[in-house]
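A.B. asks:
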Amino acid sequence: MQSQLPPESGRTPGKHRPPVTRQIAPQRVFRWLGEGWRLFVERPIEWVLMALAAFLLLALSTLAVTLPLIGPLLPPLLMTLLLAGMLYAARQQVLDHRLRFSQLFEGFRRHPSNLTLIGVFYALPLILMHLLTMLALGGGLLIGLLGFSLGTTVNQLAAGAISFLAGLGVLWVLFLLLWGMLLLAMLFAPALVMLDNYPPLDAMRYSLKASLGSLGAIVLLAVCLYVLFVVALIPLGLGVLVYIPVVVGSLHAAYQDVFIVAEPAPRTQTS
114 MQSQLPPESG RTPGKHRPPV TRQIAPQRVF RWLGEGWRLF VERPIEWVLM ALAAFLLLAL
174 STLAVTLPLI GPLLPPLLMT LLLAGMLYAA RQQVLDHRLR FSQLFEGFRR HPSNLTLIGV
234 FYALPLILMH LLTMLALGGG LLIGLLGFSL GTTVNQLAAG AISFLAGLGV LWVLFLLLWG
294 MLLLAMLFAP ALVMLDNYPP LDAMRYSLKA SLGSLGAIVL LAVCLYVLFV VALIPLGLGV
354 LVYIPVVVGS LHAAYQDVFI VAEPAPRTQT S
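In my numbering, the protein residues as written are 114 to 384.
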């Protein structure tokens, strides 16, 4: 068991040695979701305000996606930093029931560079997806124009298009596999950086290893969160303000379950 340190400083041993992980049975997912709901109902006003602020900031960041270079990176970078802040808030609530709106921005204050690097890795497949889509559209148009200009027969043109699309399909399959692996690497990386001071690349590596070890539970969690997201959209989308805190609380519970971390004692009030 690793030594306990105050939550504000994190655990410095995490910088030097790998975390200990354990395999989790899929049925534990329902405990994670229950813990996320419990944290929300304990302090609903603070969580709704944080969720609303995070949603509005992310919505505004999407307006900048057309900007060169930084535009496509901004939403995933911001999401990573805000998620880290909310995970920090969940940790503080578990420790001593203190929850403040300002904790949403703790990621900007404590580990901005490390969390930004994680956000960049998350943004890379989104950029690659955009490029593959443009390649599919542009390649199809190019085949058509070349065929028309060279007087290619319809059968030859169709064969060329099928060959091009088949190759592109293989690229898409490889891309989806790599993206899935990257999502697993991203799942616990913000928590490892924010809560336990791991370097970003190590955090992604440990997250991938831990997620593969409990893949059944991770897949079930993803399915449950997708279903809950659809339900959250029904009441004019207002359910998202509940959905976001439940997701954060569930991720925090999953992190504590998958990674064997020291259980810090709740802080006692002094007069």
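For every residue, glycine included, the Cβ atom is placed at its ideal position computed from N, Cα and C. Treat the numbers as computed from the prediction; the structure is a model and nothing was measured.
Report yes if the C-beta distance between Ala-202 and Leu-212 is below 8 Å; otherwise report no.
C.D. replies: As a working note, residue 202 is residue 89 in the sequence shown. As a working note, residue 212 is residue 99 in the sequence shown. Cβ distance < 8 Å, so Ala-202 and Leu-212 count as in contact.
A.B. asks: Could you give the distance in angstroms between the alpha-carbon of Val-340 and the alpha-carbon of Leu-305?
C.D. replies: If you number the sequence shown from 1, residue 340 lands on position 227. If you number the sequence shown from 1, residue 305 lands on position 192. About 27 Å.
A.B. asks: Quick check: the Cα distance between His-224 and Met-307, rounded to an integer number of angstroms?
C.D. replies: Numbered from its first residue, the sequence shown carries residue 224 at position 111. Numbered from its first residue, the sequence shown carries residue 307 at position 194. The alpha-carbon atoms of His-224 and Met-307 are separated by roughly 7 Å.
A.B. asks: Apart from the five residues just before and just after Leu-346, which ones in its own chain have a Cβ nearer than 8 Å to its Cβ?
C.D. replies: By one-based count along the sequence shown, residue 346 stands at place 233. Answer for Leu-346: Gly-352, Val-353, listed in chain order.
A.B. asks: Measure the C-alpha to C-alpha separation of Trp-160 and Gln-369 and round it to an integer number of angstroms.
C.D. replies: If you number the sequence shown from 1, residue 160 lands on position 47. If you number the sequence shown from 1, residue 369 lands on position 256. Each residue's alpha carbon lies about 20 Å from the other.
A.B. asks: Spatial neighbours of Ala-166 within its chain, please: CB distance less than 8 Å, with the 5 preceding and 5 following residues excluded, ordered by chain position.
C.D. replies: For the purposes of this step, residue 166 is taken as residue 53 along the sequence shown, with counting starting at 1. Closer than 8 Å at the Cβ level, and outside the excluded window around Ala-166, lie Phe-214, Leu-217.
A.B. asks: Looking only at its own chain, which residues have a Cβ that is under 6 Å from the Cβ of Ser-324, when we skip the five neighbours before and after it?
C.D. replies: Mapped onto the sequence shown, residue 324 falls at position 211. Result list for Ser-324: Leu-297, Leu-300, Ile-331, in chain order.
A.B. asks: Is the beta carbon of Pro-385 less than 8 Å from the beta carbon of Leu-200?
C.D. replies: Limits of the chain in this structure are 114 at one end and 384 at the other, which puts residue 385 out of reach.
A.B. asks: If you compare alpha carbons, which of Leu-333, Ala-316, Gly-329, Leu-162 is closest to Arg-130?
C.D. replies: For this step, residue 130 is matched to residue 17 along the sequence shown. Among Leu-333, Ala-316, Gly-329, Leu-162, the Cα nearest to that of Arg-130 is on Ala-316.
A.B. asks: In chain order, what residues of the same chain have a beta carbon less than 7 Å from the beta carbon of Phe-342, not counting five sequence neighbours either side?
C.D. replies: Residue numbering aside, residue 342 sits at position 229 when the sequence shown is read from its first letter. Hits under 7 Å: Tyr-356.
A.B. asks: Could you tell me which residues DSSP puts in a beta bridge with Phe-143?
C.D. replies: The residue you call residue 143 lines up with position 30 of the sequence shown. DSSP, once it has assigned bridges, lists no residue as partnering Phe-143.
A.B. asks: In its own chain, which residues sit with a C-beta less than 6 Å from the C-beta of Leu-334, not counting the 5 before and 5 after it?
C.D. replies: The count along the sequence shown starts at 1 and reaches residue 334 at position 221. Here the set comprises Val-142.
A.B. asks: Which of the three DSSP states, helix, strand or coil, is assigned to Phe-301?
C.D. replies: One-based indexing of the sequence shown puts residue 301 at position 188. If DSSP states are grouped into helix, strand and coil, Phe-301 belongs with coil.
A.B. asks: How long is the line joining the alpha carbons of Thr-134 and Ile-373, rounded to whole angstroms?
C.D. replies: For the purposes of this step, residue 134 is taken as residue 21 along the sequence shown, with counting starting at 1. For the purposes of this step, residue 373 is taken as residue 260 along the sequence shown, with counting starting at 1. If you take the alpha carbons of Thr-134 and Ile-373, they lie about 6 Å apart.
A.B. asks: Bridge partners for Thr-134 per DSSP, in chain order?
C.D. replies: In the sequence shown, residue 134 corresponds to position 21, counting from 1. BP columns for Thr-134 point to Phe-372.
A.B. asks: Taking all protein chains shown into account, decide if His-365 is buried (16 or more other Cβ within 10 angstroms of its Cβ) or exposed.
C.D. replies: Translated into positions along the sequence shown, residue 365 becomes position 252. By the 10 Å Cβ count, His-365 comes out buried.
A.B. asks: Using only the alpha-carbon positions, how far apart do Pro-348 and Arg-144 sit?
C.D. replies: The residue given as residue 348 occupies position 235 in the sequence shown. The residue given as residue 144 occupies position 31 in the sequence shown. In a straight line, the C-alpha of Pro-348 is about 25 Å away from that of Arg-144.
A.B. asks: If I measure Cβ to Cβ from Pro-189 and keep anything under 7 Å in the same chain, skipping five residues before and after, which residues do I get?
C.D. replies: As a first step, residue 189 is located in the sequence shown; it is residue number 76 there, counting from the start. Cβ within range, chain order: Gly-232, Tyr-235, Ala-236, Leu-239.
A.B. asks: Which same chain residues end up closer than 7 Å to Leu-82 when comparing Cβ atoms and leaving out the 5 residues on each side of it in sequence?
C.D. replies: Because the chain in this structure spans residues 114 to 384, residue 82 falls outside the shown range and cannot be described.
A.B. asks: Tell me the DSSP secondary structure of Thr-229 in three-state form.
C.D. replies: Sequence index remark: in the sequence shown, residue 229 carries index 116 (1-based). The answer is helix: DSSP assigns Thr-229 an H, G or I state.
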